[in-house]
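J.: I'd like to ask some things about the structure below.
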Amino acid sequence: MSVFEAINSESQDSKKFWTPDTKQKLVETFKNTVFQNSKSGVLKSVNLLLSQNYLVKLCPNSVNKKTLLDWKIVEPFMEESDEDARFGFSVGHRGCSKEFYVENQETLDTWLKHLSKVAIMTDFENDFTVIKELGNGAFGTVYLVECIDTSEMFAVKSISKQNVTANHVNLTNLMNEIKLIRKLDHPNIVKLHYVYESSTHIYLVIDYVEGGNLFSRIIKRKVYNEKIAAKFTEKLLGVLSYLSSLDIAHRDLKLENILMVSEENDYDFKLADFGLAAEVTEGLHLRCGSPGYIAPEVLRKCYYGSKVDVFSAGVILYILLCGKMPFPGNNIQDILLRNRDCKISFSRESWKNVSKLATALVLKLTEPVANFRPSAKEALSDPWFEHQLNFALPQLPSVPKDSARSRFCSGRLGSSVQVS
């Protein structure tokens with residue numbers, strides 16, 4: 001059974017495939033004539049239009065009909081007979097689906113190319129070859145895969161359906177991640193290309209980013225010089241400004257969720273893991289995030305908005321400049337208490353070589369009171385950026401792959417949590 005079937009039922013009347021489309025203006029992604037079986041068994045032509053995440057049936061003499069594709073399963077098929085072969089695809093779920101025939105394999109491939117960006121696909125094993133495992137965690141395993149048709153390399157998160165369905169929070173987070181990241185289009189955000197479902201797993205096909213995560217990078221670099229830190233932070237705040245403009249809060253900004261593009265470059269990255277992300281409406285209140293990065297208003301059970309990500313960016317800048325966490329502790333509870341109280345020390349030896357402008361920006365970004373904390377867009381105007389980025393960036397050596405692990409951040413407990 002598809003885990004997406006119940007979600008689809010909640011998003012529209014599950015007994016009706018088509019609903020009236022009262023929207024006058026359609027944003028056309030793709031349009032094509034397909035064929036359906038009539039009651040008499042004869043194929044009749046139907047004009048279909050893909051409009052963002054809707055499939056629209058064009059009806060010249062009446063109101064158009066539409067169906068939401070977000071959680072619908074798309075399956076290609078081929079019917080062979082003595083005379084010829086017929087190609088087509090089905091859209092929907094058990095008891096509520098439609099079959100469409102197309103002229104040839106090429107047209108089918110074009111439909112699948114467009115539908116795969118907004119719907120759920122089923123033939124992962126036929127489309128990708130698994131190269132190797134990249135990592136694993138409680139929620140699933142990440143593999144490097146190659147697209148059979150194009151030879152492009154991707155990363156795929158393989159998630160057990162048993163783990164997802166056993167915990168409502170896991171299912172909610174997965175749906176959140178798929179829904180929100182499909183809306184995003186930014187060079188510094190990992191792109192979700194396709195979603196597949198098999199009988200046992202869900203596969204999220206995303207960008208393959210080769211340089212490891214920022215946690216591994218800071219372990220090897222120890223600290224960033226200010227020019228590199230400024231370039232990195234400028235990009236990070238740019239991403240947060242983009243998310244804020246869409247009323248989205250990431251809510252789990254941390255070193256492990258920032259993927260470095262290459263080993264030679266310390267400031268180009270892609271932000272990943274939108275499992276805790278949420279749309280900001282009148283205010284969020286779920287206490288979640290990773291200990292040591294959480295804005296105080298979240299831990300104090302206040303309503304909050306996208307400025308929680310700005311606080312986390314301040315924590316990350318602190319780490320880049322001194323190589324330590326601002327809220328160390330021996331266990332999660334210690335870290336959360338220090339995190340909530342937000343008393344940041346700049347007395348370490350490593351801060352002696354950090355400029356006053358950089359220190360001032362860290363303080364602004366980690367301001368305990370959200371109303372006094374700048375937005376990401378406002379923070380981009382900080383004088384530290386102008387001072388540091390007026391000069392050419394220094395050339396850095398590549399990161400040695402066998403670097404020894406340093407004692408960065410005693411008490412690092414980076415797992416994302418919902419705080420009770």
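Following UniProt numbering, the numbering of the sequence shown begins with 1 at its first residue and continues without gaps.
Even for Gly, the Cβ is constructed at its ideal location relative to N, Cα and C.
1. Measure the alpha-carbon distance for LYS16 versus ASN390 and round it to whole angstroms.
2. Tell me, please, whether the stretch 260-280 touches the stretch 230-245 by the rule of three or more beta-carbon pairs shorter than 8 Å.
3. Do the stretch 287-297 and the stretch 334-348 meet, that is, are 3 or more Cβ pairs less than 8 Å apart?
4. Can you tell me whether HIS387 is helix, strand or coil according to DSSP?
5. Per DSSP, LYS98 forms a beta bridge with which residues?
6. Assign ASP109 to buried or exposed, taking buried as 16 or more other Cβ atoms, counted over all protein chains shown, within 10 Å of its Cβ.
7. Could you tell me which uninterrupted beta strand (DSSP E) segments, each at least 3 residues in length, are contained entirely in the stretch 200-269, listed from first to last along the chain?
8. In chain order, what residues of the same chain have a beta carbon less than 6 Å from the beta carbon of VAL280, not counting five sequence neighbours either side?
9. Starting from the C-beta of MET153, find all residues in its chain whose C-beta is less than 7 Å away, skip the five residues before and the five after it, and write them out in chain order.
10. Enumerate in chain order the residues of its own chain whose CB-to-CB distance from MET78 is below 6 Å, with the five nearest sequence positions on each side excluded.
11. Within the 7 Å Cβ cut-off, does LEU337 reach chain D?
12. Do three or more CB pairs link the stretch 102-118 to the stretch 62-80 at distances below 8 Å?
13. Is THR359 near PHE311, with beta carbons less than 7 Å apart?
14. Taking only the alpha-carbon atoms, compute the straight-line gap between VAL223 and TRP351 and give it to the nearest angstrom.
15. Helix, strand or coil for ASN53, going by three-state DSSP, please let me know.
16. By Cβ distance, which residues of its chain are closer than 8 Å to ARG405, with the 5 residues on each side in sequence left out?
17. Using the C-alpha atoms, what's the distance from GLY238 back to ASP149?
18. Is the beta carbon of PHE327 closer than 7 Å to that of GLY292?
19. What residues are listed by DSSP as bridge partners for TYR304?
20. Just reading off the alpha helix (DSSP H) that ASN126 is part of, what are its end residues?
21. Measuring alpha carbon to alpha carbon, tell me which of LYS191, ASN53 and GLU106 ends up nearest PHE89.
22. Would you report the Cα separation of MET1 and HIS93, rounded to the nearest angstrom?
23. With DSSP as the reference, label VAL169 as helix, strand or coil.
24. Beta-carbon within less than 8 Å of VAL63's beta-carbon, same chain only, minus the 5 sequence neighbours each way: which residues are those?
25. Rounded to whole angstroms, what is the Cα-Cα separation between ASP334 and SER262?
26. Using beta-carbon positions only, say whether LEU214 and ASP309 come within less than 7 Å of one another.
27. Determine the burial state of SER244: buried for a count of at least 16 other Cβ atoms within 10 Å of its Cβ, exposed for fewer.
28. In the DSSP assignment, find the unbroken beta strand (DSSP E) run with THR33 in it and report its ends.
29. Are the CB atoms of PHE30 and HIS114 nearer to each other than 7 Å?
T.: According to the data block:
1. Rounded to the nearest whole angstrom, the CA to CA distance from LYS16 to ASN390 is 60 Å.
2. yes
3. Judged by Cβ distances under 8 Å, the stretch 287-297 makes contact with the stretch 334-348, as three or more pairs qualify.
4. helix
5. VAL91
6. exposed
7. 201-207 and 258-260
8. Closer than 6 Å at the Cβ level, and outside the excluded window around VAL280, lie ASP247, ALA249, GLY305 and SER306.
9. LEU144, GLU146 and TYR208
10. The beta carbon of MET78 sits closer than 6 Å to those of ALA85 and PHE87, all from its chain and outside the five residues before and after it, given in chain order.
11. This model lacks chain D altogether, as it is built from one protein chain only.
12. A contact is defined here as three or more CB-CB pairs under 8 Å, and the stretch 102-118 meets this definition with respect to the stretch 62-80.
13. no
14. 11 Å
15. coil
16. Low confidence applies here, because ARG405 scores a pLDDT of 36, under 50, leaving its location unreliable and the question unanswered by this model.
17. 35 Å
18. yes
19. LEU284
20. 124-127
21. GLU106
22. 9 Å
23. Here VAL169 sits in helix by DSSP.
24. The answer, listed in chain order, is PRO20, ASP21 and THR22.
25. Spanning the two alpha carbons is a distance of roughly 35 Å.
26. no
27. buried
28. Counting along the chain, the beta strand (DSSP E) containing THR33 begins and ends at 30-37.
29. yes
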